[in-house]
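Note sheet for the following structure.
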Amino acid sequence: MGRDTLRLQFGEPELTRLRAAASVAEPLAVDELSSREVHARLAEVEVLITSWGCPPLDEGVLAAAPRLRAVLHAAGSVRGHVDARVFDRGILVTTAASANAEPVAQYTVAAVLWAFKKVPFLAQDARQYREDLAYRDRWGELSGHDRTVVIVGFSRIGRRVVALLRMLHEGPILVVDPFTDPAEVSAAGAELVDLAEALPRADVLSLHAPSLPETRHMIGEAELAELRPGTTLINTARGALVDTSALERACASGRLDAILDVTDPEPLPANSPLYDLPNVLLTPHVAGSQGAETRRMTGAALTELERYAAGLPPLCPITRQSLAVQA
């Protein structure tokens, strides 16, 4: 992992726990896997704990690590450094994505509740109109009562969003996910529908699907046209899920609103109209774990290490099959 990531994610409590669970030599951490010195260390390594900044585990790395049996990721997606070659070797791969789901879900639920009352957009209007409170009337009914929330992707984050919303929101919650079990969605207090049925019913549309070739621009011109005027699109997943040009036009017309923590491209070019639209809130990819929140993911990886050392099955394994449909 990168050196800044090491300092961020591993304080003394985490390092103490690491050393209690495993035999740790020096250097404790590296940010490259190609040098002769690192290859000498890799020859002894049975477990790698990885995070942001980990290089790909390519043929050269795997050849240098004949004893490698587990890659425990102290962050979310492993796509940047794990591929079929790792699974061909029978190496265990785990992720701390479940720990990262919590702050993203909290951000999303806050965004949903604010979207009901158009809070981000009213806040921008307040700077312009000041004492003239009539500006609030232009946003329609500022209420969450009986509003319909659509969750696209019953992923780790999507499931947590539904659970939190169900405690706070009495209105309908619809889930769009062709790979999930209808009984699980129903048990969570939501209704499983397809995208075509969900879009015209949405007051808030929140995206939690992985970025795959099949999901690129899954929300495009046609899908945005199916949303009712005043619907708020929330994206905390991946920017590529949305056709940015189509969203710019829909928001510029005033027909749709948006709360975007991720965009495509990221960051947006300086001339994007989304920066200046009063019905768009942009945040710089902060929904996921930040600062001390990342220690929760470190803890998840260390739990996997302790279970591995004890001969117990992993809690959050990644398989060749699951990697194909995960973020």
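Take any residue in the sequence shown, count from 1 to its spot, add 3: that is its number in the working numbering. A virtual CB, placed ideally from N, CA and C, is assigned to each residue, including glycine. Predicted, not measured: the structure shown is a model, and the values here were computed from it.
### Message
Tell me the DSSP secondary structure of A84 in three-state form.
### Response
It is worth fixing the name first, because residue 84 is His in this sequence and not Ala. Look at H84 here: in three-state DSSP terms it is coil, with no helix or strand label.
### Task
Would you mind working out which of A32, L285, N238 and T239 sits nearest D7, comparing C-alpha positions?
Each of A32, L285, N238 and T239 was checked against the Cα of D7, and the nearest Cα belongs to A32.
### Task
Starting from the Cα of V328, find the closest Cα among H211, D264 and G257 and give me that residue.
It is H211 whose Cα lies nearest to the Cα of V328.
### Message
Quick check on L11: does DSSP put it in helix, strand or coil?
### Response
Correct three-state label for L11: helix.
### Query
Is S101 helix, strand or coil by DSSP?
In this structure, S101 counts as helix in the three-state DSSP scheme.
#### Entry: DSSP three-state assignment for S248, whether helix, strand or coil
Three-state result, S248: helix.
### Message
Going by C-alpha to C-alpha distance, which of Q109, L271 and E49 sits closest to R169?
### Response
Among Q109, L271 and E49, the Cα nearest to that of R169 is on Q109.
#### Entry: Rounded Cβ spacing between V207 and V164 (contact assumed at less than 8 Å)
Incorrect: roughly 11 Å between the Cβ atoms, too far for contact.
### Query
From M300 to R133, what distance separates their C-alpha atoms?
Their Cα atoms are separated by approximately 43 Å.
### Message
Using C-beta distances below 7 Å, list every residue in its chain close to E269, excluding the 5 sequence neighbours before and after it, in chain order.
### Response
Cβ within range, chain order: G242 and H288.
### Query
Given a threshold of 16 other Cβ atoms within 10 Å of its Cβ, counted over all protein chains shown, does P203 qualify as buried or as exposed?
Label assigned to P203: exposed.
#### Entry: Inter-residue Cα distance where the pair is I52 and L236
Straight-line Cα distance between these residues: approximately 36 Å.
### Message
Let me confirm a value: H84 is counted as buried when at least 16 other C-beta atoms fall within 10 Å, else exposed. Which label applies?
### Response
Buried is the call here.
### Message
Can you tell me which residues form a DSSP beta bridge with N274?
### Response
N274 is bridged by DSSP to nothing; it lacks a bridge partner.
### Query
P320 by DSSP, collapsed to three states: which one?
Strand.
### Task
State the start and end residues of the unbroken beta strand (DSSP E) segment that holds L177.
For L177, the enclosing beta strand (DSSP E) starts and ends at I176 to V179.
### Task
Output yes or no for whether 7 Å exceeds the beta carbon distance between E47 and R72.
No, the Cβ-Cβ distance between E47 and R72 is not below 7 Å.
#### Entry: C-beta contact flag for A102 and A303 at 7 Å
The answer is yes: Cβ separation under 7 Å.
### Query
In chain order, what residues of the same chain have a beta carbon less than 6 Å from the beta carbon of C57, not counting five sequence neighbours either side?
Answer for C57: M4 and H84, listed in chain order.
### Query
In this structure, does DSSP put I160 in helix, strand or coil?
Looking at I160 - three-state DSSP - the assignment turns out to be helix.
### Query
Going by beta carbon distance, what residues of the same chain come within less than 8 Å of E229, once the five residues before and after it are set aside?
Here the set comprises A199, L202 and P203.
### Query
What whole-angstrom Cβ distance do K120 and G147 have, given they're in contact under 8 Å?
The beta-carbon separation of K120 and G147, rounded to 7 Å, stays under the 8 Å limit for a contact.
### Message
So, under 8 Å CB-CB, T97 and C319 are touching, yes? Tell me the CB distance rounded to an integer number of Å.
### Response
Cβ-Cβ separation between T97 and C319: approximately 5 Å, consistent with a contact (criterion under 8 Å).
### Buried versus exposed, by CB contacts within 10 Å (16 or more), L315
L315 should be labelled exposed.
### Query
Taking DSSP as the reference, what is the three-state secondary structure of D184?
In the structure shown, D184 sits in coil (DSSP, three-state: anything other than H, G, I, E or B).
### Residue range of the beta strand (DSSP E) that includes L315
For L315, there is no enclosing beta strand (DSSP E), as DSSP marks it with neither H nor E.
### Task
Could you pull the start and end residues of the beta strand (DSSP E) that A73 belongs to?
Here the beta strand (DSSP E) through A73 covers A73 to H76.
### Query
For E62, which of S54, A273, R92 and P123 has the nearest alpha-carbon?
The option with the nearest alpha carbon to E62 is R92.
### Query
For E224, which option in Q324, R258 and R82 has the closest C-alpha, if you only look at C-alpha atoms?
Among Q324, R258 and R82, the Cα nearest to that of E224 is on R258.
### Query
So, are the CB atoms of I262 and A114 less than 7 Å apart?
Contact annotation: I262 and A114 have beta-carbon atoms nearer than 7 Å.
### Task
In angstroms with no decimal places, state the Cα-to-Cα distance between R298 and V155.
Computed Cα separation, rounded: 28 Å.
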